[in-house]
Amino acid sequence: MRWYLKVIPPLFLLLAWEVASILINNPFILPTPTSVALVLLSPMADILGSGSIIDNALLSIWRVILGFGLAVLCAVPAGIIIGRYRIIDELVNPLIQLFRPIPPLAWVPLALAWFKIGLASIVFIIFIGSFFPVLINTIDGVRRVNRTWIETALIYGAKGWKLLVYVIIPAAAPAIWTGLRVGFGVAWMCVVAAEMLPGTNSGIGYLIMYSYNWGQVQVIIAGMIVIGIIGIGADLLFRTIEKKKFQWQEMNR
Numbered sequence: 001m002r003w004y005l006k007v008i009p010p011l012f013l014l015l016a017w018e019v020a021s022i023l024i025n026n027p028f029i030l031p032t033p034t035s036v037a038l039v040l041l042s043p044m045a046d047i048l049g050s051g052s053i054i055d056n057a058l059l060s061i062w063r064v065i066l067g068f069g070l071a072v073l074c075a076v077p078a079g080i081i082i083g084r085y086r087i088i089d090e091l092v093n094p095l096i097q098l099f100r101p102i103p104p105l106a107w108v109p110l111a112l113a114w115f116k117i118g119l120a121s122i123v124f125i126i127f128i129g130s131f132f133p134v135l136i137n138t139i140d141g142v143r144r145v146n147r148t149w150i151e152t153a154l155i156y157g158a159k160g161w162k163l164l165v166y167v168i169i170p171a172a173a174p175a176i177w178t179g180l181r182v183g184f185g186v187a188w189m190c191v192v193a194a195e196m197l198p199g200t201n202s203g204i205g206y207l208i209m210y211s212y213n214w215g216q217v218q219v220i221i222a223g224m225i226v227i228g229i230i231g232i233g234a235d236l237l238f239r240t241i242e243k244k245k246f247q248w249q250e251m252n253r
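Numbering (full-length UniProt numbering), first residue to last: 1 to 253.
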């Protein structure tokens with residue numbers, strides 16, 4: 001029954017979509033599910049000279065990996081240090097609270113001014129979008145490490161890097177992983193938005209805007225579906241690893 005319940009909403013959405021497209025009777029406003037399915041069933045076909053859906057999606061994924069990877073390399077060590085040392089937290093927290101609420105797309109003018117149009121500006125926007133979720137969750141995870149575990153480790157002589165590597169980081173790992181999961185989702189949204197900027201010539205976001213200029217609404221919707229599928233797949237991967245590696249967290253609650 002649970003399997004059937006999960007299938008009912010998508011089927012209902014498809015039915016409503018089909019009925020709405022028939023009533024509107026204008027493919028430039030709402031194409032039929034069949035026309036969108038034809039695009040999705042030909043993922044390697046070139047679309048209006050802008051490449052295939054697969055090629056553009058792979059380029060977007062590569063950009064996300066670059067920007068997100070840089071964010072993780074910077075945010076995780078910074079979060080561990082800030083969460084571990086109160087004086088550093090007091091020094092940098094005002095800056096974190098100042099920059100954290102700024103939407104990633106608000107950095108677009110600066111990204112274009114600093115890095116011009118191209119890969120560097122897109123990676124920078126992805127970096128900014130995913131940096132703060134990872135940082136905040138890392139700080140929170142380090143702060144919430146059980147004090148008893150730390151005190152016990154200190155009694156047995158674990159200090160400095162040993163305390164960090166064998167106690168603090170493993171205990172904070174579930175929170176850090178949650179930050180990675182949230183940060184990757186934000187990074188995926190950022191790359192699609194960044195690829196819609198003028199001057200970009202590849203990526204799934206570019207394909208959507210390019211199709212809009214040519215009135216190919218079925219390609220736009222197909223691109224949106226691909227974005228959703230990749231996002232679901234990435235989140236499923238994160239959740240699967242979380243269940244396998246961090247089961248001990250549930251046992252300690």
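We put the beta carbon where it would ideally sit given N, CA and C, even for glycine.
How many angstroms separate the CA atom of residue i from the CA atom of residue j?
i	j	result
residue 20	residue 120	42 angstroms
residue 84	residue 240	29 angstroms
residue 14	residue 213	26 angstroms
residue 98	residue 42	46 angstroms
residue 203	residue 163	44 angstroms
residue 89	residue 82	5 angstroms
residue 175	residue 10	32 angstroms
residue 79	residue 226	33 angstroms
residue 107	residue 116	13 angstroms
residue 205	residue 37	19 angstroms
residue 118	residue 199	8 angstroms
residue 27	residue 218	8 angstroms
residue 113	residue 181	30 angstroms
residue 236	residue 228	12 angstroms
residue 110	residue 216	32 angstroms
residue 62	residue 76	21 angstroms
residue 288	residue 86	No statement about residue 288 is possible, as the shown extent of the chain runs from 1 to 253 and does not include it.
residue 148	residue 232	38 angstroms
residue 12	residue 58	31 angstroms
residue 55	residue 211	15 angstroms
residue 159	residue 209	55 angstroms
residue 94	residue 170	28 angstroms
Near residue i, what residues of its chain come up, given a Cβ to Cβ distance below 7 angstroms and the 5 sequence neighbours on each side ignored?
i	result
residue 68	126, 130, 183, 184 and 187
residue 30	20, 21 and 24
residue 74	131
residue 92	82
residue 242	177
Going by beta-carbon coordinates alone, are residue i and residue j separated by less than 7 angstroms?
i	j	result
residue 191	residue 64	yes
residue 50	residue 207	yes
residue 72	residue 145	no
residue 153	residue 167	yes
residue 45	residue 35	no
residue 39	residue 222	yes
Where does residue i land, buried or exposed, given buried means 16+ other C-beta within 10 angstroms?
i	result
residue 7	exposed
residue 189	buried
residue 161	exposed
residue 2	exposed
residue 4	exposed
residue 201	exposed
residue 102	exposed
Which same chain residues, not among the five before or five after residue i, have their C-beta less than 6 angstroms away from its C-beta?
i	result
residue 33	14, 17 and 18
residue 132	100
residue 195	203, 205 and 206
residue 48	214
Can you list, in chain order, the residues of its chain whose CB lies under 8 angstroms from that of residue i, leaving out five sequence neighbours each side?
i	result
residue 70	123 and 127
residue 172	80, 83, 138, 141, 142, 144 and 145
residue 246	173, 174 and 177
residue 136	79, 96, 100 and 179
residue 234	184, 185 and 188
residue 224	208
Within 7 angstroms (strictly less), CB to CB, does residue i reach chain D?
i	result
residue 164	The chain labelled as chain D is not found in the depicted structure, where only one protein chain is given.
Which residue spans inside the stretch 96-162 form an unbroken alpha helix (DSSP H) run of at least 4?
108-115, 119-143 and 147-155
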